[in-house]
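Enquirer: Mind looking over this structure? Questions follow.
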Amino acid sequence: MKKIIMLTIVITLIFSGMAQAQFSKRGTSGAQFLKIGVGARAQGMAGAFTAIANDASAIYWNPAGVAKVQQNEILFSYTDWFADISHTFVGFVYKSATLGNFGFSLTALTMGQMEVTTTEDPQGTGTYFNASDFAVGITYAKNLTDRFAFGVKMKLIRESIWDMSATGIAVDLGTIYEIGFNGLKLAMNMANFGPELRFTGSSLLTQYNAFPEAGNVAPVDANMKTNPYPLPMTFRFGLSYDWNQIGEKVGVLGSVEFVKTNDRAEAVIIGAETKLLEMFFLRAGINTVQEEELEEGFSAGVGMSFNVGSNKGTFDYAFTDFGRLQSIHRFSFAFSF
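Numbered by this note's numbering, the letters in the sequence shown go through residues 51 to 387 in order.
Structural data, given as structure tokens:
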């Protein structure tokens, strides 16, 4: 057990050290949709969920949490993002009796058509284009001991705009360690670790004449090359504590989390969930990152669980205040069977 914990710490330090080498400039990474959290339960706590992750949204927050899912579960999450942009996540966890748990996910960022504008036609040319981002992933997680869980996720990422696209792969790694003191948990997650992406497409095809002054030299076909860009590599370190029962039918779950990505300042996130009558949930959280450009602030949410025969359903809602920008609303529904 000690060897497993030490190996996890070493791997995490190596990855975080590699990330620190890139942690310098804001807005220098692409595939920003990978940083949009999923699940209204987690977002109601401002994303302080790495050490709590125990439902299908763990596929995103901490792949080790997939091992904590007790039944087969499917989750649908929808975020009404800025500027008529929609963010959708669908995750499914299959619980195996002997092999561990498996997770499958699809993430999509979509938006309406946009009209092409030029210097000659600033009001629009009548031609429209689309832009979208997608990621599909497969996760494996297992409880290696009664206290320690490990998970890994492989995902395929694709960004597209007009007739150009960028495709790549990335890996997420996560651990959860139950310290054994009244529900105290320690968790780590390294997300979006992978090679740089680069846009390619027919719009980058052109013709080039190296000697225009010659007058009779035919241009040659050429392919413009775009600059590669890194993924938003993210490191999370979380601590959660479950007060379980306060009184007869009230429980409180709290979490504090340190987050670092390669394109923004460090953040400390604090979140809590109150459970009432094993059925109703109240949540709140705040992102304390000290950065002038950041608008994200207070988050809150509610949830309700209900039985469907021998199965269980959960509905959650959350909102996040983005200051001068509009508030963000999130909805999710989970079904366990």
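A virtual CB, placed ideally from N, CA and C, is assigned to each residue, including glycine.
For Lys192, which of helix, strand or coil comes out of DSSP?
Expert: Lys192: strand per DSSP, three-state reduction.
Enquirer: Alpha carbons only, please: which of Ala158, Gly233, Phe330, Ala108 is nearest the one belonging to Phe152?
Expert: Among Ala158, Gly233, Phe330, Ala108, the Cα nearest to that of Phe152 is on Ala108.
Enquirer: Buried or exposed: Gly89, going by 16 or more other Cβ atoms within 10 Å of its Cβ?
Expert: Per the 10 Å Cβ criterion, buried.
Enquirer: If the criterion is Cβ atoms closer than 9 Å, does the pair Phe83 and Glu209 meet it?
Expert: Yes, the Cβ-Cβ distance between Phe83 and Glu209 is below 9 Å.
Enquirer: For Gly150, which of helix, strand or coil comes out of DSSP?
Expert: DSSP places Gly150 in coil when its eight states are reduced to three.
Enquirer: Taking the alpha helix (DSSP H) that Gly94 falls in, what are its first and last residues?
Expert: Segment 90 to 94, the alpha helix (DSSP H) holding Gly94.
Enquirer: Kindly indicate which three-state DSSP category Leu254 falls into: helix, strand or coil?
Expert: Looking at Leu254 - three-state DSSP - the assignment turns out to be helix.
Enquirer: Indicate the three-state DSSP secondary structure (helix, strand or coil) for Phe99 in the structure shown.
Expert: In the structure shown, Phe99 sits in coil (DSSP, three-state: anything other than H, G, I, E or B).
Enquirer: Measuring CA to CA, which of Val339, Lys310, Lys192 is closest to Asn104?
Expert: It is Lys192 whose Cα lies nearest to the Cα of Asn104.
Enquirer: Out of curiosity, what's the CA-to-CA distance linking Ser382 and Gly187?
Expert: Roughly 19 Å separates the two Cα atoms.
Enquirer: Rounded to whole angstroms, what's the CA-CA distance from Arg333 to Val221? Just pull it up for me.
Expert: Computed Cα separation, rounded: 30 Å.
Enquirer: So the alpha helix (DSSP H) Tyr110 belongs to, where does it begin and stop?
Expert: Unbroken alpha helix (DSSP H) run through Tyr110: 108 to 111.
Enquirer: By DSSP, does Val116 sit in helix, in strand, or in coil?
Expert: Three-state result, Val116: helix.
Enquirer: So Leu236 is in the beta strand (DSSP E); what residue range does that whole segment cover?
Expert: Where Leu236 is concerned, the enclosing beta strand (DSSP E) stretches over 235 to 243.
Enquirer: Please classify Leu327: does DSSP put it in a helix, a strand, or coil?
Expert: In the structure shown, Leu327 sits in coil (DSSP, three-state: anything other than H, G, I, E or B).
Enquirer: Count the CB pairs spanning the segment 246 to 255 and the segment 270 to 290 that are closer than 8 Å, and state whether there are at least three.
Expert: In short, these stretches touch, since the Cβ pair count reaches three.
Enquirer: Return the chain-ordered list of same chain residues with a C-beta closer than 7 Å to the C-beta of Gln121, the five sequence neighbours on each side being excluded.
Expert: Excluding positions up to five away in sequence, the list reads Lys145, Ser386, Phe387.
Enquirer: Starting from the Cα of Phe179, find the closest Cα among Ser215, Tyr190, Glu316, Asp130 and give me that residue.
Expert: Out of Ser215, Tyr190, Glu316, Asp130, Ser215 has the C-alpha closest to the C-alpha of Phe179.
Enquirer: Return the chain-ordered list of same chain residues with a C-beta closer than 7 Å to the C-beta of Gly244, the five sequence neighbours on each side being excluded.
Expert: Only Gly218, Ile219, Ala220, Val221, Leu281 meet the Cβ criterion.
Enquirer: According to DSSP, is Leu303 part of a helix, a strand, or is it coil?
Expert: Leu303: strand per DSSP, three-state reduction.
Enquirer: Which first and last residues belong to the beta strand (DSSP E) in which Glu228 is found?
Expert: Element bounds for Glu228: 214 to 228.
Enquirer: With C-beta atoms as the reference, is Val166 less than 9 Å away from Thr160?
Expert: No; because the gap between Cβ atoms is not below 9 Å, this pair is not in contact.
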